[in-house]
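Top to bottom, those sequences are chains A, B and C. When you line the first sequence up against our numbering, it's residues 45 to 142, in that order. When you line the second sequence up against our numbering, it's residues 606 to 1147, in that order. When you line the third sequence up against our numbering, it's residues 381 to 520, in that order. Notes follow the structure.
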Amino acid sequence: MKLLTGNDLGSGAVTWWTGNGWSIHVEDAADVGEHGEATLLAEEGARRVNAPYIIDALPTEDGPRPAHIKDRIRALGPTVRTDLTLKPADPAAGDWII
Amino acid sequence: MYKYDNYDQAMVDARVAEFRDQITRRIAGDMTEDQFKPLRLMNGLYLQLHAYMLRVAIPYGTLDSRQMRMLAHIARKYDRDYGHFTTRQNIQYNWIKLEDCADILEELATVEMHAIQTSGNCIRNISSDQYAGAAADEVTDPRPWAELLRQWSTFHPEFSYLPRKFKIAVIAASEDRAAMRLHDIGLELIRQDGALGARVFVGGGMGRTPMIAPEINPFVKADDLLSYLEACLRVYNRYGRRDNMYKARIKILIHEIGADEYRRQVAAEFAHVKTLGIDPPLAELERITAFFAAPAYDAPDVEPDRNDPDFAVWLDQNVKPHKQAGYAIVNISLKPIGGIPGDATSQQIDVMADLAEKYSFDELRVTHAQNIVLPYVAKRDLYAVWQALRDAELADANLDLISDIIACPGLDYCSLANARSIPVAQKIATRFADMDRQRDLGELKLKISGCINACGHHHAGHIGILGVDKKGVENYQLTFGGSGAEDVSIGKIIGPGFDEDGVVDAVEKATEVYKALRQGDERFLDTYRRVGLAPFKEAIYG
Amino acid sequence: MVEFRYRADEVTEQPSVTLDAFLDQSNATAVRLEPDDDARALIPFLDRLTLIEVAFPKYRDGRGYSAARILREAGYQGELRAQGDVLVDQIAFMRRCGFDSFAPESSLNPDAVARALDNYDHAYQGAADSVVPIWKLRHG
Ligand code: HEM
Ligand code: SF4
């Protein structure tokens, strides 16, 4: 599957295209299929996202898993500061990245 | 320390207003990201993996307690309670909001700080020797010269859209503590016939094609220096490559046309530029120098009591001789075993500020090895300083040892990274956690970069580690034999790469070879240079 | 199209020729320099030129800043025009390097340009304009 991701223009937070908006949780990301490019241009133009790009991901039971480690780190947070990730209470969250 | 006058303050204030306007225009949609990017970069604002990252300049690595407290305040109020000190003597915040950026810069401006030209294809923050003003081996204090260059390079109208970034370092001692010859321009201040001037090296750098800067001029007089640098930059701005970003640094130009031809072109340009009257009179250098007058030393020349063994170890490892009797230079390691190299919490930053105010004539330095220095501590106060540092978990006695690792942010934070750097640093430091073992290995500079850009100086590491992407998996190459000091050299790749644990094992094996082969008080680097790669390779791959 | 001009004289209507064409014997009084061209080639002819247009195909390419200063340093008094990818936030630096007219590819907001030109009262270094560098103000 393909995901559309970028950063929020104002806050810089990592965001994922959900099909009708943006979420900071990769679990909410929607498969953009072949339509990613059009959405990307429209959303960037409307300044609802900054530096957007399209990535490959695998669908899993827990939601999409980005194919590249870089995007998995973006999705969760720094592996060396689990307290600053989106799942600070889950010590095993980092295993999802590796 | 230098203090802004009304002119300096007005420049920084105007910059804040200008950037506030630019941010407003960007958020309102009057500017595309493509147009905004170079502007935010010239204000130190990157877009990184998790958020915007703001790099704040610490000119030539010098700051006072008020400024240091402001850095803690920014971390607390606008970021996540910590900051990352970098190899270019700056500090980076990793979780900044674009909307807050102008407010942050406005707060910084109240303590004479800014983020001007900490990124972009312009002349960057001028770096220098962290022991400037305190080192016994210096010819003069290099910081007034660095300040002169800071002012000259700030908003330079001709050199703000160079082919690529441009980094200048200034030192004034025979020991090079600033990796001077790995900069686009390295200046070594020397005295010739009683007059001060600069030996000028141009075209060094790391990145994907590391190069050691050749000497371009053996002596440029103080009152010719800005004209000469202007000539160096103009030749580069006109003829540096712009067709390929990876070949755009000045080192490539000099490599392609040769140092002799570059020297000739600069000389011709200098002959012209010198007629323009752009060099300030020596009185300006003297005005600046007055701010860096020696502090009012008054401590007796007493040796500290070494009864506490932990204190004694720290004294031997982290405290360096001072030019003034009765004083010492204290290095504060930001490399706790298993910690993140260069990171400090707001609370730690405040502790260091307090110590500087109380014990170091209100001054601190940031080092290119990502540590902090208290440059003027009376020997009688060393024990009290150590105790306070210990309470703040800042008393690691590992300066220049294998766990004093330089590491770039790597894939945990950096959008250009191929692999993570910090976890490798943590694993190596943990493997060598035993301090007796580290001290037995002696000076061993280990440096890690998460990609070929070499922000972690791996080319200059006695042992260097470079993260690469091997079909989507993190992989690490080892280099041996680099040095960023006066015996400057570039490390060589020793063979095929390793995974994370593999590289830690390989480093350990290399240290064992060294222990078996060293003679006298040879460092790892010396042994490697004497015996060559073969025995190391044999042990690691054999 | 020239959108901003900071000169009192009349606009030259003569189309500018390339540097090669000019050097190849031309009586043209207006020349256009591309980033690759050596501005110094014009130095012998500055007296008879009324317009030198410096192209900025991409704003990131800063060679035109050096070209402008070189021409002004050689005494050129005519119109020096920046043409191409010229943006609000570059204009103040361009003015300092000696440009006195601007033909941006996409039109600029005049208020923003005025603000950008007005933002700094002083400058640290001497350049091709009449701004007195701060060090000189300090030392009289
Ligand atoms: C996290 C954001 C960062 C980005 C995007 C970044 C980007 C880069 C790039 C692209 C280069 C290569 C330039 C070239 O070869 O032309 C470079 C070099 C360098 N960076 Fe960074 N960097 C970052 C962080 C850092 C940090 C944290 C430090 C200090 C620890 C640092 C210090 C350096 C140094 C010393 C060099 C080598 C200079 C040279 O090439 O001569 N950078 N950086
Ligand atoms: S070396 Fe590479 S990974 Fe490390 S900070 Fe620099 S650009 Fe990022």
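Think of the CB as a built atom: it goes at the ideal place given N, C-alpha and C, for glycine as much as any other residue. The model shown is predicted, which means the values in this text are computed figures rather than measured ones.
So is D498 (chain C) in contact with chain B if we call contact Cβ pairs under 7 Å?
-> Position 118 of the third sequence, counted from the first residue, corresponds to residue 498 (chain C). No, D498 (chain C) lies away from the interface with chain B (no Cβ there is under 7 Å from its Cβ).
Selection from B:A930, B:P905, B:I679, B:I937 that minimises the alpha carbon distance to L920 (chain B) = Sequence index remark: in the second sequence, residue 920 (chain B) carries index 315 (1-based). Minimum Cα distance to L920 (chain B) is reached at B:I937.
For L652 (chain B), which residues in chain A fall below 9 Å Cβ to Cβ?
-> As a first step, residue 652 (chain B) must be located in the second sequence, where it is residue number 47. Residues of chain A passing the Cβ test: N51, G56, N94, A95.
Please state whether DSSP places M673 (chain B) in a helix, a strand or coil.
-> On the second sequence, residue 673 (chain B) is found 68 positions in, with the first residue counted as 1. Secondary structure of M673 (chain B) (DSSP, three-state): helix.
Compute the Euclidean distance between the alpha carbons of A86 (chain A) and V93 (chain A), then round it to the nearest angstrom.
-> Residue numbering aside, residue 86 (chain A) sits at position 42 when the first sequence is read from its first letter. Residue numbering aside, residue 93 (chain A) sits at position 49 when the first sequence is read from its first letter. Rounded to the nearest whole angstrom, the CA to CA distance from A86 (chain A) to V93 (chain A) is 10 Å.
DSSP on F875 (chain B), reduced to helix/strand/coil?
-> In the second sequence, the residue the question calls residue 875 (chain B) occupies position 270. In this structure, F875 (chain B) counts as helix in the three-state DSSP scheme.
Which residues of chain A have a Cβ atom closer than 7 Å to the Cβ of D1017 (chain B), listed in chain order?
-> The sequence position of residue 1017 (chain B) within the second sequence is 412, counting from 1. Within 7 Å Cβ-Cβ: I117, P122, T123, V124.
Is K852 (chain B) helix, strand or coil when you go by DSSP?
-> Residue 852 (chain B) sits at position 247 when you count from the first residue of the second sequence. K852 (chain B) falls in the helix class under three-state DSSP.
Per DSSP, the bridge partner or partners of S1094 (chain B) | Translated into positions along the second sequence, residue 1094 (chain B) becomes position 489. S1094 (chain B) pairs with B:S1088.
Neighbour flag for E852 (chain B) against chain A, beta carbons, 7 Å = Residue numbering aside, residue 852 (chain B) sits at position 247 when the second sequence is read from its first letter. Looking at the sequence itself, residue 852 (chain B) is Lys, so the reference to Glu does not match. At least 7 Å separates the CB of K852 (chain B) from every CB of chain A.
Residues from the segment 465 to 480 of chain C in contact with chain B, defined by Cβ distance under 9 Å | Residues are counted here when their Cβ sits less than 9 Å from a Cβ of chain B; for the segment 465 to 480 of chain C these are L467, V468, D469, Q470, A472, F473, M474, R475, R476, C477, given in chain order.
Say yes only if the C-beta of G1089 (chain B) is nearer than 6 Å to one or more non-hydrogen atoms of ligand 2, and no if none qualify.
-> Here residue 1089 (chain B) refers to the residue found at position 484 of the second sequence. Between ligand 2 and the CB of G1089 (chain B), the shortest heavy atom gap is not smaller than 6 Å.
Report yes or no: is there a C-beta of chain E within less than 7 Å of the C-beta of P886 (chain B)?
-> Among the chains of the structure shown, chain E does not appear; the protein chains present are A, B and C.
Would you give the residue range spanned by the alpha helix (DSSP H) that F1129 (chain B) belongs to?
-> Position 524 of the second sequence, counted from the first residue, corresponds to residue 1129 (chain B). The continuous alpha helix (DSSP H) containing F1129 (chain B) extends over residues 1129 to 1136.
Within 6 Å: the Cβ of G526 (chain C) and any heavy atom of ligand 2?
-> Because residue 526 (chain C) is not part of the residues shown, which for chain C are 381 to 520, the question remains open.
Can you tell me whether DSSP reads H1062 (chain B) as helix, strand or coil?
-> Residue 1062 (chain B) sits at position 457 when you count from the first residue of the second sequence. The three-state secondary structure of H1062 (chain B), taken from DSSP, is coil.
Under 9 Å between beta-carbons, which chain B residues line up against A507 (chain C)? List them in chain order, please.
-> Along the third sequence, one-based indexing puts residue 507 (chain C) at 127. In chain order: H761, P762, E763, I883.
Anyone know if the C-beta pair for A818 (chain B) and G791 (chain B) falls short of 7 Å?
-> Numbered from 1 along the second sequence, position 213 holds the residue referred to as residue 818 (chain B). Numbered from 1 along the second sequence, position 186 holds the residue referred to as residue 791 (chain B). Going by C-beta atoms, A818 (chain B) is nearer than 7 Å to G791 (chain B).
If you measure from the beta carbon of L128 (chain A) to each beta carbon in chain B, is any gap under 7 Å?
-> In the first sequence, the residue the question calls residue 128 (chain A) occupies position 84. Put simply, the CB of L128 (chain A) is near chain B, with a gap under 7 Å to one of its CB atoms.
Can we say the segment 976 to 992 of chain B touches the segment 703 to 712 of chain B, given the rule of at least three CB pairs closer than 8 Å?
-> By the Cβ test, the segment 976 to 992 of chain B is not in contact with the segment 703 to 712 of chain B, since fewer than three Cβ pairs between them sit closer than 8 Å.
State the beta-bridge partners of T66 (chain A) as determined by DSSP.
-> As a position in the first sequence, residue 66 (chain A) is number 22, starting the count at 1. Looking at the sequence provided, one finds Trp at residue 66 (chain A) rather than Thr. According to DSSP, W66 (chain A) shares a beta bridge with A:W61.
Contacts around Q470 (chain C), its chain only, beta-carbon distance under 7 Å, and the 5 residues preceding and following it disregarded | If you number the third sequence from 1, residue 470 (chain C) lands on position 90. Here the set comprises Y439.
Residues of chain C with a CB under 9 Å from the CB of D626 (chain B): which are they?
-> Sequence index remark: in the second sequence, residue 626 (chain B) carries index 21 (1-based). What D626 (chain B) touches in chain C: A492, R495, A496, N499.
Simplified DSSP assignment, three categories, for G50 (chain A) = As a first step, residue 50 (chain A) must be located in the first sequence, where it is residue number 6. DSSP places G50 (chain A) in strand when its eight states are reduced to three.
Close beta carbons around V744 (chain B), own chain, < 8 Å, minus the five adjacent residues each side = Within the second sequence, residue 744 (chain B) is the residue found at index 139, counting from 1. A777, A778, L794, I795, R796, L801.
Got a sec: does ligand 2 put a non-hydrogen atom nearer than 6 Å to the Cβ of G1096 (chain B)?
-> Position 491 of the second sequence, counting from 1, holds the residue named residue 1096 (chain B). For G1096 (chain B), the Cβ stays outside the 6 Å cut-off from all heavy atoms of ligand 2.
According to DSSP, is G808 (chain B) helix, strand or coil?
-> Position 203 of the second sequence holds residue 808 (chain B). If DSSP states are grouped into helix, strand and coil, G808 (chain B) belongs with coil.
Assuming G464 (chain C) and A435 (chain C) form a contact by the criterion Cβ under 8 Å, report the distance between their Cβ atoms to the nearest whole angstrom.
-> Taking the third sequence and counting its residues from 1, one reaches residue 464 (chain C) at position 84. Taking the third sequence and counting its residues from 1, one reaches residue 435 (chain C) at position 55. Confirmed, Cβ separation roughly 5 Å.
Measure the alpha-carbon distance for D501 (chain C) versus D618 (chain B) and round it to whole angstroms.
-> For the purposes of this step, residue 501 (chain C) is identified with residue 121 of the third sequence, where counting begins at 1. For the purposes of this step, residue 618 (chain B) is identified with residue 13 of the second sequence, where counting begins at 1. In a straight line, the C-alpha of D501 (chain C) is about 11 Å away from that of D618 (chain B).
How is the alpha helix (DSSP H) around R620 (chain B) delimited, first residue to last?
-> Within the second sequence, the letter at position 15 stands for residue 620 (chain B). Per DSSP, R620 (chain B) belongs to the alpha helix (DSSP H) from 611 to 633.
What are the residues of the segment 606 to 634 of chain B that lie near chain C, defined by any Cβ-Cβ distance shorter than 9 Å?
-> The segment 606 to 634 of chain B vs chain C, Cβ under 9 Å: D610, Y612, D613, A615, M616, A619, R620, A622, E623, D626, Q627, R630.
Through-space distance from L652 (chain B) to Q952 (chain B), alpha-carbon basis | Translated into positions along the second sequence, residue 952 (chain B) becomes position 347. Translated into positions along the second sequence, residue 652 (chain B) becomes position 47. Cα atoms of Q952 (chain B) and L652 (chain B): separation of roughly 26 Å, rounded to the nearest angstrom.
Alpha-carbon spacing of A784 (chain B) relative to V825 (chain B), whole angstroms | For the purposes of this step, residue 784 (chain B) is taken as residue 179 along the second sequence, with counting starting at 1. For the purposes of this step, residue 825 (chain B) is taken as residue 220 along the second sequence, with counting starting at 1. When the Cα atoms are used, A784 (chain B) and V825 (chain B) turn out to be separated by approximately 20 Å.
Should P132 (chain A) be counted as a contact of ligand 2 given a C-beta to heavy atom distance under 6 Å?
-> Locating residue 132 (chain A) in the first sequence gives position 88, where the first residue counts as 1. No, Cβ of P132 (chain A) sits at least 6 Å from all heavy atoms of ligand 2.
So what does DSSP say about Y456 (chain C), is it helix, strand or coil?
-> Taking the third sequence and counting its residues from 1, one reaches residue 456 (chain C) at position 76. Secondary structure of Y456 (chain C) (DSSP, three-state): coil.
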